[in-house]
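Line by line, the protein sequences give chains A and B. Residue 174 in this note's numbering sits at position 167 of the first sequence, with consecutive numbering throughout. Residue 75 in this note's numbering sits at position 11 of the second sequence, with consecutive numbering throughout. Yeah, the Cβ is synthetic: ideal placement off N, Cα and C, and Gly gets one too. Note that this is a predicted model, so its numbers are computed, not measured. To start, the structure under review is shown below, and the notes come after it.
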Amino acid sequence: MTAGRILIVDDEAPVLDVLSEYFAGQGYAVQTAASGAAALAAVGRERPDLVLLDVRMPDMDGVEVLRRLRAVNGDLAIIMVTANEDLGLARETLKLGAFDYVAKPFDFRYLDRAVAAGLINVGSATATAPAPSVNQAWTALALAVFRAARTMPPGGRTSTGARLEATVLDTALKAAHAALPGH
Amino acid sequence: MTRLAAGVAHELRNPLAVILARVQLLQHGLRAGKPPDGDKLARTLGAIEEQALRASKIIDNLSTFARPQPPELAPVDPDRTIREALAHLRERLEAARVAVEIDVAPDVGMIVADRAQLQAALAQLVLNAIEAMPGGGHVRVSARRTGDRVELSVADDGPGVAEADAARIFEAFVSTKRGAAGLGLCIVQTIAASHGGSIRLAAAGGPGAEFVLSLPARG
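Right, here's the structure in full:
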C-alpha cells in the first residue's frame, strides 16, 4: 500500500523528474502531467489524492486548472507551486480552494509536511469509518497547527515558532497519518 | 528595471530549484546511508550540470542585453557571415533534422556591421527556427539589397507566431516556448539597434515565421 497518490503538474521536465523521484522515494504513487490540459485529464483518469500544481504554465495556468478541478472535485488536496514573486497570487489561490502553496526553490521538509497535511485533510474529509477519538484529536491538532502556520507572515516562521511548528506538526501528522484507514 | 529584475528572478528560479533539489536528494540519500550507485550519480550530476549551464546561459544573455558592446563596424560580406553563423550551428541543425537553404542575391554588396555580433544575431534567429520545429523542417536564410539597406531574412516552416504574441515577442522575458528565458529576440533587437538597423517579423499568424534583419549597406 502506498502512502497516497500524488499528481505533479509542471511544464518543466527537470522539475517533474526531481519531484517524482523524491516523492516516489517517500513511498507515494506518483503521476506527472506537463500541462494544465494533461493535468485535468490525469485527474479524471488516475484519481490522485493530492495535486502539486505549478502556477505558471504556458497554455493553461495553474490558477485556471485549480478552478476547473475545484468545480468537479471538492475533496482533492491541491498544493500550488510558485515562485517567490508570485506569493500574493499564491495566497489568493487559498481562497479558490487550494490547500496550501509552496515556493521554489523547494524546501523539502516543508513540502513533506504540506503534502502529509494535505493527505490527512483528504483522509479526514473522506474516511467513512470513524477514527478513534484520540486520533481524531491528533488530526484536528495537525490541521490546526498547519493552518495557523500557513497564515503567519514569512518572517514569523524563522524564529522559535518555526521549530515549535515543525515539532508539533511532525508529531501530530505522524500520529494522525497512522490513524488513517489502510495504515 | 524592476520588471527586468523580476524576469531574471523568475527565469533563474526553475534551474536553481532543480539544482538545489537534486543536491538535497543526494544529501538525503547519504544521510540515510543509501548513497546513489554510479549510474544514478552520473544521471544526477548530468541533470545538475544541464541546469547550471541553463542558468549560466540566461546570465550571459542578460549581460549582452543589459550592457551591449558597441559594435566594431567594418564592411562585412553577408554570404560569408551567414555561412560562418551556420557553421557554428551545424551539430544542432543535424540533431534537429533541420535543412538549411542559403539564398544570397548576387547584387547584395557589403553590410556595415560588427561581424561577430551579426553572426550572433543570425545564429539566434536560426536557433529560434530550430526550436520552432521540434520534428525537423527547413530554414531559409537569405540576403538582398533594398535601397541603402541589406535585408537578412531567416524563415522557417514551423507553426509561426500567433497574432496575439506578435506585438510582444521582442520584449525581454517574453517567450512562447516552454523553458525559454525570452531574451533571444530581445538581444537580436539590441544588436540591430546598435547598428542603426532593425528587426521585424515579416508576417504574424503563420504557418511559418520569417524574421527580417535590416542593416545599413556600405555606400
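Chain B places a beta carbon closer than 7 Å to that of residue 29 (chain A), counting this residue as a contact. Taking a C-beta cut-off of 8 Å against chain A, the contacting residues of the stretch 86-103 of chain B are 86, 88, 89, 92, listed in chain order. Put simply, of B:118, B:207, B:202 the residue whose alpha carbon is nearest the alpha carbon of residue 162 (chain B) is B:202. Rounded to the nearest angstrom, the gap between the Cα atoms of residue 154 (chain B) and residue 148 (chain B) is 10 Å. Per the DSSP secondary-structure output, residue 233 (chain B) pairs with nothing in a beta bridge. Among the residues of the stretch 213-227 of chain B, none has a Cβ less than 9 Å away from any Cβ of chain A. Rounded to the nearest angstrom, the gap between the Cα atoms of residue 181 (chain A) and residue 275 (chain B) is 59 Å. Taking a cut-off of 8 Å on C-beta distances, the stretch 158-172 of chain B does not touch the stretch 119-138 of chain B, as fewer than three cross pairs fall below it.
Spanning the alpha carbons of residue 10 (chain A) and residue 152 (chain A) requires a straight line of approximately 21 Å. Within its own chain, the residues whose Cβ lies closer than 7 Å to the Cβ of residue 126 (chain A), once the five positions on either side in sequence are excluded, are 11, 56, 57, 84, listed in chain order. At the C-beta level, residue 139 (chain B) and residue 207 (chain B) stay beyond 7 Å of one another. At a Cβ-Cβ threshold of 7 Å, residue 281 (chain B) and residue 213 (chain B) count as neighbours.
Here residue 21 (chain A) carries a helix assignment [DSSP, helix/strand/coil]. Excluding its 5 nearest sequence neighbours in each direction, residue 100 (chain B) has C-beta neighbours in its own chain below 8 Å: 90, 93, 108, listed in chain order. Comparing C-alpha distances from residue 102 (chain A) to each of A:52, A:70, A:25 shows the shortest one belongs to A:70.
Proximity of residue 80 (chain B) to chain A, defined by a Cβ-Cβ separation below 7 Å, is satisfied. Membership of residue 111 (chain A) in any alpha helix (DSSP H) is not indicated; the residue belongs instead to the beta strand (DSSP E) covering 107-111. Residue 253 (chain B) sits in a helix when the DSSP states are folded into three classes. Here residue 62 (chain A) has 69, 87, 89, 93 as same chain residues with Cβ atoms under 6 Å from its own Cβ, once five neighbours each way along the sequence are excluded.
DSSP places residue 103 (chain B) in the helix class (H, G or I) of the three-state scheme.
When B:271, B:252, B:205, B:227 are compared, the shortest CA-CA separation from residue 219 (chain B) is found for B:205.
Collapsing the DSSP output to three states places residue 225 (chain B) in coil.
The C-alpha of residue 133 (chain B) lies about 54 Å from the C-alpha of residue 52 (chain A).
Cβ proximity to chain B below 8 Å picks out 111, 112, 113, 115 from the stretch 105-122 of chain A. At a beta-carbon threshold of 7 Å, none of the residues of chain A lie near residue 202 (chain B); the nearest stands roughly 25 Å away. For residue 196 (chain B) against residue 268 (chain B), the beta-carbon gap comes to about 14 Å, at or over 8 Å, which does not count as contact. DSSP places residue 65 (chain A) outside both helix and strand once states are collapsed to three, so it counts as coil. DSSP, reduced to helix, strand and coil, places residue 27 (chain A) within a helical segment of the structure shown. Listed by position along chain A, the residues whose Cβ is nearer than 8 Å to that of residue 84 (chain B) are 112, 113. For the stretch 111-124 of chain B, the set of positions with a beta-carbon nearer than 8 Å to some beta-carbon of chain A reads 111, 114, 115 in chain order. Each of B:234, B:283, B:111, B:271 was checked against the Cα of residue 263 (chain B), and the nearest Cα belongs to B:234. Closest in alpha carbon position to residue 111 (chain B), among A:18, A:25, A:54, is A:25.
In this structure, residue 175 (chain B) lies near residue 279 (chain B), with their beta-carbon atoms less than 7 Å apart. Taking a 10 Å sphere around the C-beta of residue 131 (chain B), we find fewer than 16 other C-beta atoms and assign the residue as exposed. Straight through space, the alpha carbons of residue 215 (chain B) and residue 183 (chain B) are spaced by roughly 14 Å.
Contacts with chain B at 7 Å (Cβ-Cβ) do not include residue 37 (chain A).
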